[in-house]
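J.: No gaps in the numbering here: position 98 of the sequence shown is 97 in numbering that gives the first Met the number 0, and each next residue is one more. Glycine included, every Cβ here is placed at the ideal spot set by N, Cα and C.
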Amino acid sequence: MIATLKNILAKLEGFIGSRVISNLPDIDISLKRAITKHLPVISLAFGLICLYMAFDQWHNAEHVTSLIQYANQNEHMYGIPSMPVSSHMDLAFWLGILILIIMAYLFFKAISRLKAKNKEGWNLVYYAIVINVGYGVIMLLNYYGGNWLLIEHLLFSVFCLYFLFEVRALFKTDDS
Numbered sequence: 000m001i002a003t004l005k006n007i008l009a010k011l012e013g014f015i016g017s018r019v020i021s022n023l024p025d026i027d028i029s030l031k032r033a034i035t036k037h038l039p040v041i042s043l044a045f046g047l048i049c050l051y052m053a054f055d056q057w058h059n060a061e062h063v064t065s066l067i068q069y070a071n072q073n074e075h076m077y078g079i080p081s082m083p084v085s086s087h088m089d090l091a092f093w094l095g096i097l098i099l100i101i102m103a104y105l106f107f108k109a110i111s112r113l114k115a116k117n118k119e120g121w122n123l124v125y126y127a128i129v130i131n132v133g134y135g136v137i138m139l140l141n142y143y144g145g146n147w148l149l150i151e152h153l154l155f156s157v158f159c160l161y162f163l164f165e166v167r168a169l170f171k172t173d174d175s
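#1: When the Cα atoms are used, what is the spatial distance from Ser-42 to Ile-100?
#2: Taking 9 Å as the threshold (C-beta atoms), are His-62 and Tyr-143 in contact?
#3: How many angstroms separate the CA atom of Trp-121 from the CA atom of Arg-32?
#4: One question on the structure: do Lys-39 and Ala-109 come within less than 9 Å of each other, judged by their Cβ atoms?
#5: If you follow the alpha helix (DSSP H) that Ala-53 is part of, which residue opens it and which one closes it?
#6: For Tyr-69, which residues of its own chain have a beta-carbon under 7 Å away from its beta-carbon, when the five flanking residues on both sides are left out?
#7: Here's the rule I'm using: 16 or more other beta-carbon atoms within 10 Å means buried, otherwise exposed. How should Ala-44 be labelled?
#8: Which residue from Leu-153, Gln-72, Leu-23, Phe-92 puts its Cα closest to that of Ala-53?
#9: Alpha carbon to alpha carbon, how far is Asn-73 from Phe-164? Give it in angstroms, no decimals.
#10: Candidates Ala-168, Asn-131, Phe-162: which alpha carbon is nearest Ile-150's?
Laid out in structure tokens, this is it:
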């Protein structure tokens, strides 16, 4: 199954590289070298951001639930009817958190490989960015997501993929 998934992602990589990125303007080689040099730190930052987003998503859902419970407990003081308590922590919610944790893992795992300028590290960052699109789609199905979150993640992924594909040639494969 993992081999099949890697094969699909490799075909997507080929498509993006040959059909999309090749039609965009190249960036300067000095900027490519700077991005390559700082990519391990960028990967660390993205991993930390993913973990923070997972915690924040869970934290916000817990606060919404507690506010509704508070309102229901004190509804007699305000003269308002009780609201059904629904934390909206459905399958899409937990799947979104799981995807964020997987993305963080991929970013963290890529750091040492990126320092060695190994293509495997580049691949891990590529996988995490592709999964980011999946996160946006999952959050579209979730109470805490929506259209704007999907658009945000699509734009972020396109931006990251452009720069990532621009520096791809600076990473060496195991057979080189």
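T.: Taking the coordinates as given:
#1: 14 Å
#2: no
#3: 14 Å
#4: Lys is not the amino acid found at residue 39; the sequence shown has Pro there. Contact flag set, yes.
#5: 28 to 72
#6: none
#7: exposed
#8: Phe-92
#9: 56 Å
#10: Asn-131
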